[in-house]
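Some notes on the structure that comes next.
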Amino acid sequence: MICALASALCYGTASVLQAIAARAAARPESGAGVDPALLLRAVRQWRYVAGLALDGLGFVLQIVALRSLPIYAVGAALAASLAVTAVVAARLLAVRLSATEWTAVATVCAGLGMLGLASGVEGDRPGPDWLPWAMPAAALGVLLLGAVGGRLPTRPRSLALGLGAGFGFGVVEVSVRLVDDVSPGALVRNPAAYGLLLGGGAAFLLLTSALQKGSVTTATAGMVLGETVGPALVGVVWLGDGTRAGLGWLAVTGFAVAVAGSLALARFGEAPEAEGGGAPGRP
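Per mature numbering (1 follows the signal peptide of the UniProt record, and there is no 0), the sequence shown runs over residues -21 to -1, 1 to 262.
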């Protein structure tokens, strides 16, 4: 669990650094949709590279956690990245979060925390034969969601793209559980390995686009929700992850509370005002 919480710290800080870089790399003529060229421009920003380094460290810590805990328990711990993002954004992006937004942040963390409390032991089932093939297909679905979500108005756009990014990272989480043999020959033959790469790439593309103009906390709320709920269901239904005896109700309640908190952030979250040619102001 310590590794999962440390991973949340890395992910939460990385989101803010990547938001600064994405907005600095944005061009006035760029539309609201998902722009693949934005990712190429963003990687030239040192803050985005620093964010990627933190993401990489967080991913390693997440893998360690996934090898010893159920998927949904790790996801519940990663919910703390939302609070980290809010605190760091308030400092680096000069954003003052309202009491409503802080309440929504706490609500999402509380809901996903309930999922963590309801977690049992990690499952040991390999899953059905079709599940590894579903990973690259799900990653392609993430790209489709990005194409649709990128055309929405600013507030729902941030949530939709963040949610899509979360689904992409969720594909990565499930794929990690489905990849047992990491030898080159086995990786080439395992479709889950392709799902891991495609899902991770799609997630970064959608998240960068979500952070370009929208609320950082709203995008991160969607991402946390997407990477928690879907993988949790896969782990419970097909990989043998279970809840503690008599706590199934707590998992359901936690899901409902997390959804309510994310919707509240989508309603009240505002994009920070930019200064100086699109780069966010700093205190």
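Cβ atoms here follow ideal geometry from the backbone N, Cα and C, with glycine treated the same way.
Given the structure is predicted, the values throughout are model-derived calculations rather than measurements.
For residue i, the residue or residues it bridges with in DSSP
{"i": "Thr222", "result": "Ser98"}
Nearest neighbour of residue i, chosen from the options [CA to CA]
{"i": "Gly129", "options": "Pro111, Leu140 and Val155", "result": "Leu140"}
{"i": "residue 265", "options": "Ala73, Leu226, Thr82 and Val43", "result": "Outside the modelled stretch of the chain, which goes from -21 to 262, sits residue 265, for which no answer is possible."}
{"i": "Gly225", "options": "Leu96, Ala243 and Leu186", "result": "Leu96"}
{"i": "Leu19", "options": "Thr86, Gly99, Leu72 and Leu185", "result": "Leu185"}
{"i": "Gly35", "options": "Arg70, Ser(-15) and Leu72", "result": "Ser(-15)"}
{"i": "Leu(-17)", "options": "Ser188, Leu138, Ala21 and Val39", "result": "Val39"}
{"i": "Pro107", "options": "Arg156, Cys88 and Leu229", "result": "Arg156"}
{"i": "Ala117", "options": "Gly174, Leu131 and Ile(-2)", "result": "Gly174"}
{"i": "Gly143", "options": "Leu229, Gly99 and Ser188", "result": "Ser188"}
{"i": "Leu71", "options": "Arg26, Val127 and Thr86", "result": "Arg26"}
{"i": "Ala200", "options": "Arg46, Ser77, Leu91 and Gln24", "result": "Leu91"}
{"i": "Thr207", "options": "Val127, Ser98, Pro135 and Ala58", "result": "Ala58"}
{"i": "Pro115", "options": "Val28, Ala21, Ala230 and Pro170", "result": "Pro170"}
{"i": "Leu124", "options": "Gln41, Gly205, Leu229 and Gly37", "result": "Gly205"}
{"i": "Gly37", "options": "Arg168, Met(-21) and Val231", "result": "Met(-21)"}
{"i": "Arg46", "options": "Cys88, Cys(-19), Ala85 and Ser77", "result": "Cys(-19)"}
{"i": "Met202", "options": "Leu119, Val87, Val127 and Ser77", "result": "Val87"}
{"i": "Ala89", "options": "Leu131, Gly54 and Leu176", "result": "Gly54"}
{"i": "Phe234", "options": "Arg23, Ser77 and Ser98", "result": "Ser98"}
{"i": "Pro176", "options": "Ser77, Gln24, Leu119 and Arg23", "result": "Contrary to the premise, residue 176 reads as Leu rather than Pro in this sequence. Nearest of Ser77, Gln24, Leu119 and Arg23 to Leu176, Cα basis: Leu119."}
Own chain, CB closer than 8 Å to residue i, minus 5 neighbours either side, in chain order
{"i": "Ala172", "result": "Ser154, Val158 and Leu166"}
{"i": "Leu33", "result": "Cys(-12), Tyr(-11), Thr(-9), Ala(-8) and Leu(-5)"}
{"i": "Ser227", "result": "Note that residue 227 is Gly in the sequence shown here, rather than Ser. Taken in chain order, the residues that qualify are Ala97."}
Start-to-end residues for the alpha helix (DSSP H) that takes in residue i
{"i": "Trp25", "result": "Trp25 to Leu45"}
{"i": "Arg130", "result": "Counting along the chain, Arg130 falls outside any alpha helix (DSSP H), and DSSP gives it neither H nor E."}
{"i": "Met202", "result": "Val195 to Val216"}
{"i": "Ser(-7)", "result": "Ile(-20) to Ala4"}
{"i": "Leu61", "result": "Ala59 to Leu71"}
{"i": "Leu166", "result": "Pro163 to Arg168"}
6 Å CB neighbourhood of residue i in its chain, flanking five on each side removed
{"i": "Leu(-13)", "result": "Val63"}
{"i": "Asp30", "result": "Just to set this straight, residue 30 is Gly in the shown sequence, not Asp. Taken in chain order, the residues that qualify are Ala(-8), Leu(-5) and Gln(-4)."}
{"i": "Gly256", "result": "Summary for Gly256: the model assigns pLDDT 38, below 50, so the residue's position carries little reliability; its value from the coordinates is reported in the next sentence. Within the same chain, Gly256 has no close Cβ partners at all."}
{"i": "Ala243", "result": "Ala83"}
{"i": "Leu122", "result": "Ala181"}
{"i": "Ser137", "result": "Ala189, Gly193, Ser194, Thr197 and Ala198"}
{"i": "Gln41", "result": "Ser(-15)"}
{"i": "residue 264", "result": "Nothing can be reported for residue 264: it is not among the residues displayed for the chain, which extend from -21 to 262."}
{"i": "Trp23", "result": "The sequence given here has Arg at residue 23, not Trp. So the list is empty, once near-sequence residues are dropped."}
{"i": "Gly248", "result": "Only weak support is given to the placement of Gly248: the predicted model assigns it a pLDDT of 47, under 50, and the value that follows is read from those uncertain coordinates. So the list reads Ser194, Thr196 and Thr197, once near-sequence residues are dropped."}
Neighbourhood of residue i by C-beta, 7 Å cutoff - its chain only, sequence neighbours within 5 removed
{"i": "Gly209", "result": "Phe146 and Gly149"}
{"i": "Ala258", "result": "Only weak support exists for where Ala258 lies, its pLDDT of 36 falling under 50; the value from the coordinates is given anyway. Answer for Ala258: Arg2 and Ala3, listed in chain order."}
{"i": "Thr232", "result": "Met93"}
{"i": "Leu229", "result": "Met93, Leu96 and Ala97"}
{"i": "Arg168", "result": "none"}
{"i": "Leu131", "result": "Ala139"}
Closer than 7 Å to chain B by CB, residue i
{"i": "Gly149", "result": "The structure shown contains no chain B, having only a single protein chain."}
message = Contact between the region 217 to 227 and the region 160 to 170 is defined here as three or more beta-carbon pairs at a separation below 8 Å; is this criterion met?
response = Note that the region 217 to 227 does not touch the region 160 to 170; fewer than 3 beta-carbon pairs, one per stretch, sit closer than 8 Å.
Sufficient close CB pairs (3 or more, under 8 Å) joining the region 210 to 217 to the region 50 to 60 = Touching, yes, given that three or more Cβ pairs across the two stretches are closer than 8 Å.
At least three beta-carbon pairs within less than 8 Å, the region 101 to 109 to the region 59 to 69 = Taking 8 Å as the limit for Cβ pairs, the verdict is that the region 59 to 69 does not touch the region 101 to 109.
key: Three-pair Cβ contact test at 8 Å for the region 78 to 90 versus the region 104 to 119   = Using a Cβ-Cβ distance cut-off of 8 Å, the region 78 to 90 and the region 104 to 119 are not in contact, since fewer than three pairs of beta carbons, one from each stretch, lie closer than that value.
At least three beta-carbon pairs within less than 8 Å, the region 231 to 240 to the region 174 to 193 = With the cut-off at 8 Å, the region 231 to 240 and the region 174 to 193 do not touch.
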